[in-house]
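Below is one structure, written out as structure tokens, with a few remarks after it.
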Amino acid sequence: MKNNSFAPVSAVSGFVIAALGLALGAAGAWLIALGGSWYYLIAAILMLFAGVSLIRGSVMALWIFAALLMGTLAWALWEVGLDWWPLAARLGFLFLLGAFLVGPWIVRSLGPREPTGIYGLGHEERASWRRGGGLALSVALVACALPLTFSLTRDVHQIEGMFPAAKAQASASNTATSALPDGEWPAYGRTGYGQRYSPLAQITPSNVANLKVAWQFQTGDMRGQPGDPVETTYEVTPLKVGDRLYLCNPHQSVIALDATSGAQVWRYDPKIEGALALQHLTCRGLSYQPPHAAADTGIVSDGCAHGKLFMPTADARLIALNPDNGALCSAFGGGKGQIDLSAHMPNPRPGSYYSTSPVVVTQKLVIVGGTVLDNVSTHEQSGVIRAFDVDTGALVWNWDSGNPEATTPIAPGESYTVNSPNSWSISSVDEALGMVYVPMGNQPPDQWGGKRSAAVEKYSSSVVALDLATGKVRWVFQTVHHDLWDYDVPSQPSLIDLTINGATVPALVQPTKQGELFVLDRRTGMPINTVTEELAPQGAAQGDHTAPTQPKTALSFDPPKLHGRDMWGATMFDQLACRIAFHRLRYDGRFTPPSTQGSLIYPGNFGVFNWGSVAVDPQRQIAFTTPTYLPFVSKLVPRPNDTALMVQTDGPPSGALPALNENFGAPFAVALSAFTSPFGFPCTAPPWGYVAGADLASGKIVWQHRNGTVRDLAPVPLPFRMGVPNLGGPIVTGGGVAFLSGTLDYYVRGYDVSSGRQLWESRLPAGGQATPMTYTGADGRQYLLVIAGGHGSTHTKAGDYVIAYALPK
């Protein structure tokens, strides 16, 4: 006889499984109508029958569920193979449910349905996991456990490889460091070449595990103050000059620290104007001008003979400071120690234009780009690039991508071109070749380009080489044609000399949001690695068009085209929701145009690469990269007029903050969002972030490893190494160790540059979305410096920490 004491358990379980089956069946039928997989409807029918059988107390429930598990296993292996996370998402819920059903609290309540004896005429025995349906379900559970366990032992996304020994010595011509001591870091990317490479070799793969915190400093500046935009971020990479460190914080103060002890030396508050229309509030870094001939000729008479620090502010000023004491360099800006970057700007609005990134400093010039409000209106300020005299602040030339031929200083009373493409990221410079290399953004609005001029079409989303003396264009290389995806060029170009067929070629490495690493001859802009034009999806929104082809290079981290099987969720239910969402969106692969239906954009505008760029090793001639993969949804919303709020679901923004994505003046607003499941996980399967090593000369990816855990992203802080997004760049060192702190879990990590193997990690007190740096202290030790302040857009924990690591004395 069946054990009636367990009957209520099986009955309730049956009702729950039947209800889940009904819900799954309705959603599965919807997916089929959209052209998706039949699996979910079939699974739903089996779940419904299994639930009804449980309610009736029939052992048939176990047979049905065993069939469901075996069918799901076969389907899962066919779709994703032995990739653990996608496999576990398909099998996990049903596996746990099957394990529950085969327990005594269920099987003892079923039957008697298992006759024994000759011809089944003997007595009937109670159901058990060791016979009949119970045995079938037990076998199915074991069958599922085997591939799940085996898949844990392998990583199908990993590329194993090893870089050979150095190809070339890091000569002065290859690193722009002819007079730069090894232990200094005087520019954002260490030099104007933007390599993020230090020749220091005290920290090596064999001793990096011994790194400990040497000192810690807190700036006292936290996000969340009145008037702060969402994207209030710590993205600063400090400078190290002499025995001092120099950094800025999001609210624009400049701080000097003793590089060996971390003690504050001085602090400067620029007194930022209030009520700013800010989209971003950050300071990625300062710029340093070393002492030069002007200091010896009497031109500099303001106490800044030992050089200058340049700080761009959120209220559109460029300030020159004395690195000794933080005083203004009064000779700069006609006695003011600063210049007004809003001069000659059209449609001025405080906070709608300023430089979030450090400026370029040469022997004679300080070169400034800036950010404009994205997707607010078609009447924004100009994206002009300007060069000022490094001593006096006088305007030397201006290059406006909307009026590119007129580079002589603008006349009094005139304005630069409204809404011309800008450069918000970091530029690089080669003074020997006489060029500054500018990564260009797009003209707002990003997702609709029906009225762009010929000049805008030529220079948007490009890297542009400008002549240092005149500001004239020497060459331009466009990374995206008629950009409708916010694929502006986000990263500082890295300059490196490569050995190609035995000859030395001055190269430029340009990472892009869409995952390309364009390797160009920086003299001419011609590709070194093969670049092809590939057919692109067509069918833009009304009044717009799409480019027929888009460029792709041999060295590409562009992800494969998505399919329904690539959808992911923590359970089969949110995975099904992601599949339905996927099939409801327009998706034709890479460069799917934005649409009123809603388009899936992959890679999204978060970018495979962003402002953190890559690090290049001039000795090995390689790039240490951090590709990230997150899809986004872009939906155009028709505008009835030029004033209505169409996508500001919470009403008008507070204070002076702008109404983002409204695109006043354009025919469409745009609704932008990450493509996530109902539980908030990305709808695409992990990994979402890697570290990868690329040979720049050959254009080959040598190794690639998923990187980072979901400890600080998941509701339960489990350190699953799924590979998480990164925002903030890496550095590489002559000791053969690379460092990275920008992953969305709170760690700084060290890696073997040759193999990519992780060697060390240290827990951070807040998000580390900034690029580290390294230097030598007065005690002779090599320090690793990390900023842990968090990032508003990624919602990582806020902080105000400057942390220095070193090997024990």
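Residue 1460 in this note's numbering sits at position 765 of the sequence shown; the count goes up by one each step and never skips. Note that beta-carbon positions come from the ideal geometry of N, C-alpha and C, so glycine has one too. Quick caveat: nothing in here was measured; it's all calculated off a predicted structure.
Measuring alpha carbon to alpha carbon, tell me which of the options ends up nearest residue i.
i: Asp-1010; options: Ser-1047, Met-742 and Asp-916; result: Ser-1047
i: Pro-1289; options: Ile-1396, Pro-1140, Val-1184 and Thr-1404; result: Pro-1140
i: Gly-1259; options: Gln-1245, Phe-1277, Ala-1242 and Ala-1265; result: Phe-1277
i: Leu-1190; options: Gln-1245, Asn-1224, Val-1131 and Ser-1156; result: Val-1131
i: His-852; options: Asp-1390, Gly-1384, Ala-1483 and Ser-1115; result: Gly-1384
i: Val-1309; options: Ala-784, Pro-1099 and Thr-1320; result: Thr-1320
i: Pro-1107; options: Ala-1038, Ala-1164, His-975 and Pro-924; result: Ala-1038
i: Asn-1356; options: Pro-1373, Ala-1380, Lys-1330 and Thr-1371; result: Lys-1330
i: Leu-830; options: Gly-878, Asp-850, Phe-760 and Pro-876; result: Phe-760
i: Leu-1215; options: Gln-947, Pro-1188 and Gln-1209; result: Pro-1188
i: Pro-1201; options: Leu-1128, Gln-1138 and Ala-794; result: Leu-1128
i: Pro-965; options: Thr-1404, Lys-1395, Leu-1013 and Cys-999; result: Leu-1013
i: Val-936; options: Tyr-929, Gly-716, Leu-952 and Pro-1414; result: Leu-952
i: Ser-1122; options: Ser-1077, Val-1054 and Asn-1137; result: Val-1054
i: Thr-977; options: Val-925, Pro-985, Tyr-963 and Ser-1025; result: Val-925
i: Gly-1299; options: Pro-945, Ala-1231, Thr-1379 and Gln-1314; result: Thr-1379
i: Ser-1052; options: Phe-1415, Gly-884, Ala-1198 and Leu-796; result: Gly-884
i: Val-1497; options: Tyr-983, Ser-1025, Gln-959 and Asp-1035; result: Gln-959
i: Asp-938; options: Glu-930, Ala-954, Ser-948 and Thr-932; result: Ala-954
i: Ala-1022; options: Arg-1334, Thr-1008, Cys-999 and Gly-1029; result: Cys-999
Buried or exposed for residue i, please, with buried defined as at least 16 other CB atoms from any protein chain shown within 10 angstroms of its CB.
i: Lys-1247; result: buried
i: Asn-1020; result: exposed
i: Arg-683; result: The chain is shown from 696 up to 1504; residue 683 falls before or after that span and cannot be answered.
i: Lys-1504; result: exposed
i: Leu-1391; result: buried
i: Asp-1239; result: buried
i: Met-1468; result: buried
i: Asn-1196; result: exposed
i: Gly-815; result: Legend: pLDDT at Gly-815 = 45, less than 50; position of this residue unreliable, value from coordinates given subsequently. So Gly-815 counts as exposed.
i: Arg-1147; result: buried
i: Asp-778; result: buried
i: Asp-991; result: Note that Asp-991 scores a pLDDT of 46, beneath 50, so its modelled location is shaky; the value from the coordinates is reported in the next line. Label assigned to Asp-991: exposed.
i: Pro-799; result: exposed
i: Met-1341; result: buried
i: Gly-1494; result: buried
i: Cys-1273; result: buried
i: Met-1006; result: buried
i: Ala-1361; result: buried
i: Gln-1083; result: The amino acid occupying residue 1083 in the given sequence is Phe; Gln does not appear at that position. The residue is buried, with at least 16 neighbouring Cβ atoms inside 10 Å.
i: Ser-1349; result: exposed
i: Gly-1284; result: exposed
i: Arg-751; result: exposed
i: Gly-812; result: Here Gly-812 scores only 49 on pLDDT, less than 50, and its place in the model is too uncertain to base an answer on.
i: Ala-1236; result: buried
i: Val-1184; result: buried
Per DSSP, residue i forms a beta bridge with which residues?
i: Ser-1123; result: Tyr-1132
i: Trp-758; result: In the DSSP output, where bridge partners are listed per residue, Trp-758 has none listed.
i: Lys-1504; result: Per DSSP, none; premise fails for Lys-1504.
i: Gly-1445; result: Phe-1434 and Trp-1455
i: Tyr-1049; result: Thr-1066
i: Trp-1094; result: Ile-1080
i: Arg-1315; result: Arg-1315 pairs with nothing; no bridge assigned.
i: Lys-907; result: Ala-1501
i: Gln-1343; result: For Gln-1343, which the question treats as bridged, DSSP gives no partner whatsoever.
i: Met-1468; result: Leu-1480
Going by the C-beta, is residue i closer than 7 Å to any heavy atom of the ligand ATP?
i: Arg-979; result: You won't find the ligand ATP in this model; it holds no ligand whatsoever.
Restricting to runs no shorter than 4 residues, where is the alpha helix (DSSP H) found entirely within the segment 720–774? Segments of the alpha helix (DSSP H) lying fully in the segment 720–774: 734–750.
Could you tell me whether the segment 1443–1451 touches the segment 913–933, where touching means 3 or more Cβ pairs closer than 8 Å? Segments in contact, no.
Where in the segment 1230–1306 do unbroken runs of the alpha helix (DSSP H), each at least 4 residues long, occur, reported from the N-terminal end onward? Whole alpha helix (DSSP H) segments, 4+ residues: 1267–1279.
Are the segment 1086–1095 and the segment 1040–1055 touching, with three or more C-beta to C-beta distances below 8 Å? Note that the segment 1086–1095 does not touch the segment 1040–1055; fewer than 3 beta-carbon pairs, one per stretch, sit closer than 8 Å.
Taking contact to mean 3 or more Cβ pairs, one atom from each stretch, closer than 8 Å, check whether the segment 1291–1308 and the segment 841–848 are in contact. The count of Cβ pairs closer than 8 Å, one atom from the segment 1291–1308 and one from the segment 841–848, stays below three, leaving the stretches out of contact.
For the pair the segment 1122–1136 and the segment 1046–1066, tell me if three or more CB-CB distances fall below 8 Å. Yes, the segment 1122–1136 touches the segment 1046–1066.
Start-end ranges of the beta strand (DSSP E) lying completely within the segment 1381–1407, minimum 3 residues: Positions of the beta strand (DSSP E) runs, each at least 3 residues long and wholly inside the segment 1381–1407, are given as 1385–1390 and 1395–1401 in order along the chain.
If we require 3 or more residues per run, which beta strand (DSSP E) segments fall completely within the segment 912–941? Whole beta strand (DSSP E) segments, 3+ residues: 934–936.
Hey, is the segment 1495–1502 in contact with the segment 1460–1476, meaning 3+ C-beta pairs nearer than 8 Å? The segment 1495–1502 vs the segment 1460–1476: in contact.
On the three-pair Cβ rule with 8 Å, is the segment 719–727 touching the segment 735–745? Taking 8 Å as the limit for Cβ pairs, the verdict is that the segment 735–745 does touch the segment 719–727.
Count the C-beta pairs between the segment 1387–1404 and the segment 1367–1379 that are closer than 8 Å, then say yes if the count reaches three, no if not. Contact between the segment 1387–1404 and the segment 1367–1379 is not established, with fewer than three Cβ pairs separated by less than 8 Å.
Sequence ranges, alpha helix (DSSP H) only - wholly within the segment 957–1045, length at least 4: Complete alpha helix (DSSP H) runs here, min 4: 988–992.
Do three or more CB pairs link the segment 1420–1427 to the segment 1450–1468 at distances below 8 Å? Yes, the segment 1420–1427 is in contact with the segment 1450–1468.
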